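Residue numbers in the sequence shown follow full-length UniProt numbering, run continuously in steps of one, and reach 130 at the last position. Remarks on the structure that follows.
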Amino acid sequence: MHFIRKTDHRNVDASDIKALRQELACTARELAAALDIEQDVVLSWERGELFPTKRHVTQMEALRSQGPSAIPRRPKGRRSPQQPPLHLLAEPELWRLVRKLLAHAELRAEAMKLAEQYPDPAEDLPEKGR
């Protein structure tokens, strides 16, 4: 990995971040979770819009030395325990969508038809959680 030997964290560039992700066989989201940052930050590093801090470079050096097993993986299709579905209730986009669904019967009908293709997550809850 290129940036491991760089003494100044400001020398870490977009290609170094991409190379690290490739070496660790992880997604930007998984690397972000391992570093306890937002995925958008990792993507900004990869686009060269932002640069990692010295602390993040040190964390990435540690991840690299540990290898791919250092990256926390989550099963596909399931939310991580750190982000339960309820966090979406704070998203303004969700409430904008709800307002549109309530205001437009045709949109609501289309959404209901589309939703039939997806499983209801409430069906996976234990009996006492329903």
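Glycine is no exception: its CB is placed at the ideal position from the N, C-alpha and C atoms. As the structure is a computational prediction, the values presented were derived from the model and not from experiment.
- Rounded to the nearest angstrom, the gap between the Cα atoms of Glu46 and Ile17 is 6 Å.
- Asp13 and Val57 have their C-alpha atoms roughly 11 Å apart.
- In the DSSP assignment, Leu35 falls within the alpha helix (DSSP H) that extends over Ala28 to Leu35.
- If you check the CB distance, Leu63 and Ala25 do not come in under 8 Å.
- The DSSP-derived three-state label of Ile17 is helix.
- The alpha-carbon separation between Thr53 and Arg73 amounts to approximately 24 Å.
- Put simply, of Arg96, Asn11, Leu86 and Arg21 the residue whose alpha carbon is nearest the alpha carbon of Ser69 is Arg21.
- By the beta-carbon neighbour count (other beta carbons within 10 angstroms, threshold 16), Val98 is exposed.
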